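Chemist: Remember, our numbering sits 25 above the position in the sequence shown when you count from 1.
No residue lacks a Cβ here, since even glycine has one placed at the ideal position from N, Cα and C.
Treat the numbers as computed from the prediction; the structure is a model and nothing was measured.
Once you've had a glance at the structure underneath, I'll fire off some questions.
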Amino acid sequence: MYFGGYGYHGTSFEQTYRCYPASFIEKPQIESGDKIIMPPSALDRLASLHIDYPMLFELRNNAAERVSHCGVLEFIAEEGMIYMPYWMMENLLLQEGDFVQVKNATLPKGTYVKLQPHTKDFLDISNPKAILETTLRNYSCLTTGDSIMVAYNNKKYYIDIVETKPSHAISIIETDCEVDFAPPLDYKEPERPIAPAPGKGPAQVEEGPAEAEPKFNPFSGSGRRLDGKPSKNPLMPASTSVSIGKQSGVANGKGTPSAASASQSARQTQGKLVFGSNANRTPKEKQKEAPKDSKQEQPPKEEPKFQAFTGKKYSLRG
Numbered sequence: 026m027y028f029g030g031y032g033y034h035g036t037s038f039e040q041t042y043r044c045y046p047a048s049f050i051e052k053p054q055i056e057s058g059d060k061i062i063m064p065p066s067a068l069d070r071l072a073s074l075h076i077d078y079p080m081l082f083e084l085r086n087n088a089a090e091r092v093s094h095c096g097v098l099e100f101i102a103e104e105g106m107i108y109m110p111y112w113m114m115e116n117l118l119l120q121e122g123d124f125v126q127v128k129n130a131t132l133p134k135g136t137y138v139k140l141q142p143h144t145k146d147f148l149d150i151s152n153p154k155a156i157l158e159t160t161l162r163n164y165s166c167l168t169t170g171d172s173i174m175v176a177y178n179n180k181k182y183y184i185d186i187v188e189t190k191p192s193h194a195i196s197i198i199e200t201d202c203e204v205d206f207a208p209p210l211d212y213k214e215p216e217r218p219i220a221p222a223p224g225k226g227p228a229q230v231e232e233g234p235a236e237a238e239p240k241f242n243p244f245s246g247s248g249r250r251l252d253g254k255p256s257k258n259p260l261m262p263a264s265t266s267v268s269i270g271k272q273s274g275v276a277n278g279k280g281t282p283s284a285a286s287a288s289q290s291a292r293q294t295q296g297k298l299v300f301g302s303n304a305n306r307t308p309k310e311k312q313k314e315a316p317k318d319s320k321q322e323q324p325p326k327e328e329p330k331f332q333a334f335t336g337k338k339y340s341l342r343g
């Protein structure tokens, strides 16, 4: 049966085959790699061409416009048919018996590849890089956008090829390739606690009104005598002296402040206090009152002090 024919364009090989999964033949090992099984006639055509080894091929699904790359394991398939891994058919959106175009290709050796697991279970493996390195030995090339399958411990892990360098398709045969991992598709970052908005947090203790600080009252102390006796004329508090000064500023009982009271109020605004109505008196009046005050406030008589050994002596004879 003829499917599209072979193409002989210098060193190129191009053929259209019907594809089937590896479960149709007893070759389950091809599921763990990217190699296909081709018919013997393809080997005859390829042997007559000057192609590069190892043999690499481009697989194209023209109906879905999907492209991938693969290697070849054996040439034992029936004519007009090829067998390929089922995960590769999924990448190309192929069903059993669909047509796929196969063309030989030359790919550069890869230097970098970025992989992204579908599930975070792959990262739970004790050494995922070692498992991946062992699995990729069965692969001959990688294509950006494909999803490869890694089988480990009776479980299948699917990994996306996010990026490849130096080309979108690279060869990984006998090459030192740097491998990087992207976060898994189902990975979710832990939610950070949201800081409470101002005003929505726990009710803060309302601070009570600050207690009024006591104001400074000058000359509000009490006088004391040096001899310890109580003082007869205690000093007036500063607040009383201020009120007395205001009353003395009213002249003739008519409520009109005199010039002296005006000057007194001006001095008070400057932070000075005037006690009583002495501010309105002349210096002479102060001199006349001075002797009266001196008479009234005479110093108390000093009490005789105790003197030791001042007693009289007596004789026992009488």
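Go ahead and pull the three-state DSSP assignment for Asn129.
Modeler: Within the sequence shown, numbered from 1, the residue matching residue 129 stands at position 104. Strand, per DSSP.
Chemist: Which residue's Cα is closest to the Cα of Gln120: Tyr111, Lys128 and Val127?
Modeler: On the sequence shown, position 95 is the one that residue 120 refers to. Among Tyr111, Lys128 and Val127, the Cα nearest to that of Gln120 is on Tyr111.
Chemist: So the beta strand (DSSP E) Met106 belongs to, where does it begin and stop?
Modeler: Residue numbering aside, residue 106 sits at position 81 when the sequence shown is read from its first letter. Looking at the DSSP string, the run of the beta strand (DSSP E) that includes Met106 is Met106 to Met109.
Chemist: Can you grab the Cα-Cα spacing for the pair Leu117 / Arg217, in whole Å?
Modeler: Within the sequence shown, residue 117 is the residue found at index 92, counting from 1. Within the sequence shown, residue 217 is the residue found at index 192, counting from 1. Distance between the alpha carbons of Leu117 and Arg217 is about 40 Å.
Chemist: Let me know if Gln54 comes out buried or exposed under the rule of 16 or more other beta-carbons within 10 Å of its beta-carbon.
Modeler: Here residue 54 is taken as the residue at index 29 of the sequence shown, counted from 1. Classification of Gln54: exposed, given that the 10 Å Cβ count is below 16.
Chemist: Label Ser57 either buried or exposed according to how many other C-beta atoms from any shown protein chain fall within 10 Å of its C-beta, with 16 as the threshold for buried.
Modeler: Here residue 57 corresponds to residue number 32 of the sequence shown, with the count starting at 1. Buried, by the Cβ-count rule.
Chemist: Name, in chain order, the residues that DSSP records as bridge partners for Met63.
Modeler: Taking the sequence shown and counting its residues from 1, one reaches residue 63 at position 38. Bridge partners of Met63: none, in fact.
Chemist: Can you tell me whether Ser165 is buried or exposed, with buried defined as 16 or more other CB within 10 angstroms of its CB?
Modeler: Counting from 1 along the sequence shown, the entry for residue 165 is found at position 140. The residue is buried, with at least 16 neighbouring Cβ atoms inside 10 Å.
Chemist: Measuring straight from C-alpha to C-alpha, what distance separates Met106 and Ala88?
Modeler: Sequence index remark: in the sequence shown, residue 106 carries index 81 (1-based). Sequence index remark: in the sequence shown, residue 88 carries index 63 (1-based). Near 18 Å, if we compare the C-alpha coordinates of Ala88 and Met106.
Chemist: With a cut-off of 8 Å on the beta carbons, I'd call Glu188 and Lys139 a contact; round off their distance for me.
Modeler: Residue mapping note: residue 188 aligns to position 163 of the sequence shown, counting from 1. Residue mapping note: residue 139 aligns to position 114 of the sequence shown, counting from 1. About 4 Å; that satisfies the 8 Å criterion.
Chemist: CA-CA distance, Asn163 and Ser73?
Modeler: By one-based count along the sequence shown, residue 163 stands at place 138. By one-based count along the sequence shown, residue 73 stands at place 48. So the two alpha carbons sit approximately 27 Å from each other.
Chemist: Smallest Cα separation from Gln126: which of Ser93, Pro142, Leu98 and Ile101?
Modeler: Indexing the sequence shown from 1 puts residue 126 at position 101. Ranking Ser93, Pro142, Leu98 and Ile101 by Cα distance to Gln126 puts Ser93 first.
Chemist: Quick check on Ser192: does DSSP put it in helix, strand or coil?
Modeler: As a working note, residue 192 is residue 167 in the sequence shown. Here Ser192 sits in coil by DSSP.
Chemist: Using 10 angstroms around the beta-carbon of Leu251, count the other beta-carbons present and answer buried if the total reaches 16, otherwise exposed.
Modeler: Locating residue 251 in the sequence shown gives position 226, counting from the first residue. So Leu251 counts as exposed.
Chemist: In angstroms, rounded to a whole number, what distance separates the CA positions of Tyr78 and Tyr42?
Modeler: If you number the sequence shown from 1, residue 78 lands on position 53. If you number the sequence shown from 1, residue 42 lands on position 17. If you take the alpha carbons of Tyr78 and Tyr42, they lie about 22 Å apart.
Chemist: Report, in whole angstroms, the separation of the C-beta atoms of Lys52 and Ile62, which I expect to be a contact under 8 Å.
Modeler: Translated into positions along the sequence shown, residue 52 becomes position 27. Translated into positions along the sequence shown, residue 62 becomes position 37. With 8 Å as the limit, Lys52 and Ile62 qualify as a contact, their Cβ atoms being about 6 Å apart.
Chemist: Once the 5 residues before and after Val275 are set aside, which same chain residues still bring their CB inside 6 Å of it?
Modeler: Counting from 1 along the sequence shown, the entry for residue 275 is found at position 250. At Val275, the pLDDT of 41 sits below 50, so the modelled position is not reliable; the number obtained from the coordinates is stated separately. Excluding residues within five positions, none has a Cβ falling inside 6 Å.
Chemist: Any idea what DSSP makes of Met174, helix, strand or coil?
Modeler: In the sequence shown, the residue the question calls residue 174 occupies position 149. Strand, per DSSP.
Chemist: What residue range is occupied by the uninterrupted beta strand (DSSP E) comprising Glu83?
Modeler: Locating residue 83 in the sequence shown gives position 58, counting from the first residue. Per DSSP, Glu83 belongs to the beta strand (DSSP E) from Leu81 to Asn86.
Chemist: Consult DSSP for Lys139 and reduce its assignment to one of helix, strand or coil.
Modeler: Within the sequence shown, the letter at position 114 stands for residue 139. Strand at Lys139.
Chemist: Leaving out five residues on either side along the sequence, give the residues of the same chain with a beta carbon under 8 Å from the beta carbon of Leu68.
Modeler: Numbered from 1 along the sequence shown, position 43 holds the residue referred to as residue 68. Phe100, listed in sequence order.
Chemist: With a threshold of 16 other CB atoms inside 10 Å of the CB of Asn178, please say whether the residue is buried or exposed.
Modeler: As a working mapping, residue 178 is identified with position 153 in the sequence shown. Exposed, by the Cβ-count rule.
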